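I have placed the structure first, in the form of structure tokens, so that the comments after it can refer back to it.
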Amino acid sequence: MNRKNLLQWLPLALFALVLFTPLRTPVLGALQRGLLATGLWKPDVPVATPAPADAPIVPTGGAAYPHNLPLLTLDGKHANLSDLKGKVVFVNLWASWCPPCVAEMPGIHALYKKMDPKKVAFVMISLDENPAKAQAMLKRQGYTFPVYFPAGPLVPPFDSNSIPSTVILDSDGQVAARHDGMAEYDTPEFKAALDNLAAGSHK
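Here is the structure:
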């Protein structure tokens with residue numbers, strides 16, 4: 001194969017390498033992370049009252065979050081979403097094989113480290129069929145936010161048909177916001193909105 005033919009086939013070979021090997025998720029995740037950095041994928045901030053129907057975050061009409069959402073921790077212990085009643089809760093559905101999930105995770109982790117854990121809780125629900133794959137990714141990236149696995153069927157408002165999917169609950173368990181798809185959550189506006197929700201619950 002001469003040099004010209006090699007150069008013609010090189011892009012296709014690289015595309016196949018990314019698409020059909022284990023490199024697919026981290027490479028596509030990194031590319032999508034670059035898109036998030038442009039600021040075009042910022043979600044609307046959560047509010048105590050429903051946002052407009054055409055907003056990127058889809059309000060769920062103030063429905064109460066289910067107090068019986070059984071979960072398993074990374075070490076196999078049983079937990080329930082109801083354990084976090086009284087806190088603002090950031091719930092995110094993700095998987096290690098999902099490039100958009102991988103793309104938004106650095107921003108979520110950065111936001112997590114800035115929030116007061118006494119007022120705002122993070123529930124990162126992995127949908128990996130093999131928990132070891134999720135654990136390996138978390139260890140590799142150094143993420144320290146709480147990660148759980150479903151211990152039963154996901155129920156509304158967490159039964160999204162796609163991931164990543166994020167639901168923000170106020171301290172009363174009301175849905176303050178929902179966003180399906182990747183987004184950049186590590187912004188001053190989003191942090192301020194979570195702080196405001198938390199402040200409203202502690203007056």
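Residues in the sequence shown are numbered consecutively from 1, following full-length UniProt numbering. For glycine and all other residues, C-beta sits at the position ideal for the given N, C-alpha and C. For clarity, every value in this text was computed on a predicted model and none was experimentally measured.
Checklist line | Start-to-end residues for the beta strand (DSSP E) that takes in Ile-168 | finding: Residue numbering aside, residue 168 sits at position 168 when the sequence shown is read from its first letter. Here the beta strand (DSSP E) through Ile-168 covers 165-169.
Next item on the list: Take the Cβ of His-78 as the centre, count every other Cβ of all protein chains shown within 10 Å, and call the residue buried at 16 or more, exposed below.
Entry: Taking the sequence shown and counting its residues from 1, the one referred to as residue 78 is at position 78. Exposed.
Next item on the list: Please list the segments of the beta strand (DSSP E) lying wholly inside the UniProt domain "Thioredoxin" (45-199), counting only runs of 3 or more residues, in order along the chain.
Entry: 70-73, 78-80, 88-94, 120-126, 147-150, 165-169, 175-180
Notebook entry, point to check: Do you know offhand how far Thr-60's Cα is from Val-167's?
Noted result: Residue numbering aside, residue 60 sits at position 60 when the sequence shown is read from its first letter. Residue numbering aside, residue 167 sits at position 167 when the sequence shown is read from its first letter. Since pLDDT at Thr-60 reaches only 44, below the 50 mark, its modelled position is unreliable, and no value is offered.
Margin query: Whole angstroms are fine: how far does the CA of Cys-98 sit from the CA of Tyr-143?
Written below: For the purposes of this step, residue 143 is taken as residue 143 along the sequence shown, with counting starting at 1. For the purposes of this step, residue 98 is taken as residue 98 along the sequence shown, with counting starting at 1. C-alpha separation (whole angstroms): 16 Å.
Checklist line | Reference Val-89; option with closest CA among Ile-163, Ala-95, Glu-184, Phe-158 | finding: Taking the sequence shown and counting its residues from 1, one reaches residue 89 at position 89. It is Phe-158 whose Cα lies nearest to the Cα of Val-89.
Item checked: C-beta atoms of Trp-94 and Pro-164 nearer than 8 Å -> Numbered from its first residue, the sequence shown carries residue 94 at position 94. Numbered from its first residue, the sequence shown carries residue 164 at position 164. Yes, they are a contact pair.
Item checked: Whether Ser-126 touches Phe-149 by CB criterion (8 Å) -> Taking the sequence shown and counting its residues from 1, the one referred to as residue 126 is at position 126. Taking the sequence shown and counting its residues from 1, the one referred to as residue 149 is at position 149. Cβ distance < 8 Å, so Ser-126 and Phe-149 count as in contact.
Notebook entry, point to check: To which residues of the same chain is Thr-73 closer than 7 Å at the C-beta, ignoring the five residues directly before and after it?
Noted result: In the sequence shown, residue 73 corresponds to position 73, counting from 1. Hits under 7 Å: Ala-79, Tyr-148.
Notebook entry, point to check: If we ignore side chains and look at the alpha-carbon of each, how far apart do Gly-86 and Pro-117 end up?
Noted result: For the purposes of this step, residue 86 is identified with residue 86 of the sequence shown, where counting begins at 1. For the purposes of this step, residue 117 is identified with residue 117 of the sequence shown, where counting begins at 1. Spanning the two alpha carbons is a distance of roughly 12 Å.
Margin query: Would Pro-146 and Val-123 qualify as a contact pair, given that the criterion is a beta-carbon distance under 8 Å?
Written below: Here residue 146 is taken as the residue at index 146 of the sequence shown, counted from 1. Here residue 123 is taken as the residue at index 123 of the sequence shown, counted from 1. Yes, they are a contact pair.
Next item on the list: Identify which residue in Leu-138, Leu-169, Ser-162 has its Cα closest to the Cα of Pro-100.
Entry: Against the sequence shown, residue 100 aligns to sequence position 100. Measuring from the Cα of Pro-100, the nearest candidate turns out to be Ser-162.
Next item on the list: Can you give me the Cβ contacts of Ser-160 inside the same chain, cut-off strictly under 7 Å, excluding the 5 residues immediately before and after it?
Entry: Working through the sequence shown from its first residue, we reach residue 160 at position 160. Only Leu-93, Asp-180 meet the Cβ criterion.
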